[in-house]
Each structure stands twice: as structure tokens, then as C-alpha cells.
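So the structure is just underneath, and the comments pick up after that.
Numbering (my numbering), first residue to last: 1 to 299.
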């Protein structure tokens, strides 16, 4: 096994909110290195050099890396742009969970706080939507609780243990989504306004908004190419977030919604769906009438 880069190094040290020095817990970064995909988007300077995809071992030598593969979210990261960013989770008014790692810029104190998930959340459009929405709500709530940058794309993050950053390994165990929810309590948003969505909430919000429009608009189109272009155009219009999704991500959402609705929302299928809904509503009405009669007889 390759010896960790920080083996034998004195643990990191900073002061907590009471001004007392606190040692970071000794934690080997195996969780991070073993969880990232085989190929990673990475860069030493995204603005100057752009982003490229490299094998994991080479990518982890770059200053910035995207820890999540395209189909899964196993880590959520928050960008804190203030001098005391490394202790943002301790200093927040709301009790926040301890991050798994903190990668801090020693020049200005700005940092990325990373939280690993015990069960990665699929973010493909064919995956169940409920876990994606739950993750989006948690990510949104923690962004507010930590007072993190809402314009952060939640893609590239400071690579832990890169010599350019000061890395603190905090918690060795990943988080269940339910555990993160418990920290937020009543601060967990029930719904996310479309223009306020951040991180994964943008994908969820775009998908939900686009599919609702597509369900109604599908039968107005008889040409597949025109329908594809209409879905793409509407997706572009909905991508009005504080930090918009990339063109590639918008295209993926539009393509998935366009294909599913074209195949499934046909005049015949639509009529069948309407009949099923009417039958369910009639059954509910009949059950309500019977319940009312039963209460009257009991009286």
C-alpha cells in the first residue's frame, strides 16, 4: 500500500471559537482517494488552463479536481470565501456537522468543506427522483447554514493533500443523508425556489420544471426534430440560476425529457392516463361517500 503523503506529519492546528488550539483527528485520506472515479476532471488553474480529464493518479496531483463521477454524488463540497473558513462549521449559528475534510488556501484562509456520503446518490435522469430531491434539500440547507458561496458550481474543489492547500482531515466516517438532515432540523427547506437553487438542486429543479412543461406541450408537436429543439430551447430558458448549469448538463436533461415524453405521451397513451386518473378519483370519491355514511350510521 502506498504510504500516505502526510504520514508522519504533525496534525494540523487551528483555534476554535473559544480561542483554544484544537488538533485535527488523525485520519488517513483513503476514503477520498478510493471513492473518486478512475477518470477525473481536474486542473491546476481552471481560468488559465481550463479543465481536462485525466486518470485518477495523475488527476489527484492537480490543485483542483471534481470528486464526483457524472452519474453519482458521493461527496458534497461547500465553498467558504472568508478568512476563518476552516472553522465555518463550528462558528455557524446553526449546529453544523463536522466535515470529513477541509482544504484551505493558506494565503487568504478561504476553504472548501467536504462531506462524504455513505450511500452515493445517483443523479442520472433514470434514477429515482426522491433521493436526488432529498440530497438537493440537504445541500441547500447546509449552504445557508454555513453561509457558503451560493454561486459555487459544486464541481471542481481544492484537491485534499495537494501541497498548494492546507488540509485538515476531520471525520473518518461518511454521513448518511438522514444524519445530515438531523443536523439541519427545521432549517431543512421543504421546497427550493427555482431561482435560489444551488448545486444538485439546479439539476432537480430544471428536470422537474421541464418535464411539467413537456407533459402539457407534447401533444402540440407531431415532428420529432421540432420537439427536440423545443425541449432544448425551453431548458435553456429555465437555466436561469445564479450559477447556471453547463451547456452539456442542460443538453442531457433536455434530451432525456424529450425522448421519454415523445415515446410515452402519445394521444393513445394520454387518453389511457386520463382514464386511469378519472378512475382513481372516482374510487376516492366513492370511498369518501361510504365513510360519511358510516359516520352518520354510528351517530
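For glycine and all other residues, C-beta sits at the position ideal for the given N, C-alpha and C. Note that this is a predicted model, so its numbers are computed, not measured.
Residues bridged to residue i [DSSP beta-bridge criterion]
i	result
residue 42	52 and 65
residue 32	Answer by DSSP bridge pairing: none, since residue 32 is not bridged.
residue 83	Residue 83 is not bridged to any residue.
residue 104	111 and 166
residue 296	Per DSSP, none; premise fails for residue 296.
residue 122	72
residue 77	114
Integer Cβ distance of residue i from residue j, believed to fall under 8 Å
i	j	result
residue 85	residue 110	5 Å
residue 75	residue 67	5 Å
residue 80	residue 148	6 Å
residue 104	residue 62	No, residue 104 and residue 62 are not in contact; Cβ-Cβ is about 17 Å, not under 8 Å.
residue 122	residue 193	That pair is no contact at about 25 Å.
residue 168	residue 102	4 Å
residue 112	residue 187	Actually they are not in contact, since the Cβ atoms of residue 112 and residue 187 sit about 21 Å apart, beyond 8 Å.
residue 32	residue 160	6 Å
Own chain residues within Cβ distance below 8 Å of residue i, not counting five before or after
i	result
residue 184	94, 138, 141, 142 and 145
residue 179	97
residue 133	204
residue 92	145, 146 and 147
residue 195	240, 241 and 242
residue 257	125, 207, 210, 211, 214, 231 and 235
residue 267	219
Other residues of its chain near residue i: CB distance less than 6 Å, five sequence neighbours each side excluded
i	result
residue 221	227
residue 37	69
residue 171	98 and 100
residue 243	151 and 153
residue 106	166
residue 265	218
residue 83	109
residue 51	41 and 43
residue 27	Since pLDDT at residue 27 reaches only 47, below the 50 mark, its modelled position is unreliable, and no value is offered.
residue 291	none
residue 35	74
residue 30	none
Own chain residues within Cβ distance below 7 Å of residue i, not counting five before or after
i	result
residue 46	64 and 156
residue 2	For residue 2, the predicted model reports a pLDDT of 40, less than 50, meaning its position is unreliable and no value from the coordinates is stated.
residue 238	206, 209 and 210
residue 234	210 and 213
residue 224	262
residue 189	137, 140 and 141
residue 182	none
Any non-hydrogen atom of the ligand ADP closer than 8 Å to residue i Cβ
i	result
residue 142	Looking for the ligand ADP in the displayed structure turns up nothing, as the structure carries no ligands at all.
Cβ contact (3+ pairs, closer than 8 Å) linking the segment 27-47 and the segment 122-131: no
Residue ranges of each alpha helix (DSSP H) run of no fewer than 4 residues wholly in the segment 200-273, ordered along the chain? 200-217, 224-238 and 247-264
Is the segment 194-203 in contact with the segment 148-158, if contact means three or more CB pairs nearer than 8 Å? yes
Secondary structure, beta strand (DSSP E): runs of 3+ residues fully inside the segment 145-190: 166-169
Does the segment 106-121 come close enough to the segment 163-177 that 3 or more CB-CB pairs lie under 8 Å? yes
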